[in-house]
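Q: Questions regarding the structure given below will be posed in turn.
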Amino acid sequence: MASRAPVATGRLMLGFRKWYYNLCGFNKLGLMRDDTINEDADVKEALRRLPEQVYNDRMFRIKRALDLSMKQQVLPKEQWTKYEEVGCVEGHDWIN
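Taken in order, the sequence shown gives residues 130 to 225; the numbers are from our numbering.
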């Protein structure tokens, strides 16, 4: 009985995280959570260290989101950024 509580709590928290992720709304513009972080000195250094393709993808997402925001539109639902797609970046060779 005690072993079921952590599993149930984990599922509940996962459901809450997904709900909150969708509530924030940035995924409707095709943004990832990290695209919304304020660019202070540390973030600028981290961005400088990104591979060129990852940086270019980020800039594309931001420009597309600005364009959609100006038009007061959102992406079609199949193009929204999904919670499962942005959960983890471990395993990439550019992360030390």
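The beta carbon of each residue, even a glycine, is placed where N, CA and C say it ideally should be. Since the model is a prediction, treat every value here as computed from it, not as a measurement.
Can you give the beta carbon distance from Y150 to N156, rounded, assuming they're within the 8 Å contact cut?
A: Taking the first residue of the sequence shown as 1, we reach residue 150 at position 21. Taking the first residue of the sequence shown as 1, we reach residue 156 at position 27. Sure, about 6 Å apart at Cβ, within 8 Å.
Q: Just mark T210 as buried or exposed, buried being the case when its beta carbon has 16 or more other beta carbons within 10 Å.
A: Position 81 of the sequence shown, counted from the start, is the residue given in the question as residue 210. T210 comes out buried.
Q: What do you get for L160, buried or exposed, if any count of 16 or more other CB atoms within 10 angstroms of its CB means buried?
A: Along the sequence shown, read from residue 1 onward, the residue named residue 160 stands at position 31. So L160 ends up on the buried side.
Q: In angstroms, rounded to a whole number, what distance separates the CA positions of N185 and K192?
A: Taking the sequence shown and counting its residues from 1, the one referred to as residue 185 is at position 56. Taking the sequence shown and counting its residues from 1, the one referred to as residue 192 is at position 63. Computed Cα separation, rounded: 10 Å.
Q: Within the same chain, show all residues whose beta-carbon is closer than 7 Å to that of R140, passing over the 5 residues directly before and after it, in chain order.
A: Here the question's residue 140 lines up with position 11 in the sequence shown. Excluding sequence neighbours, R140 sits near nothing in its chain.
Q: In angstroms, rounded to a whole number, what distance separates the CA positions of E214 and R162?
A: The sequence position of residue 214 within the sequence shown is 85, counting from 1. The sequence position of residue 162 within the sequence shown is 33, counting from 1. About 11 Å.
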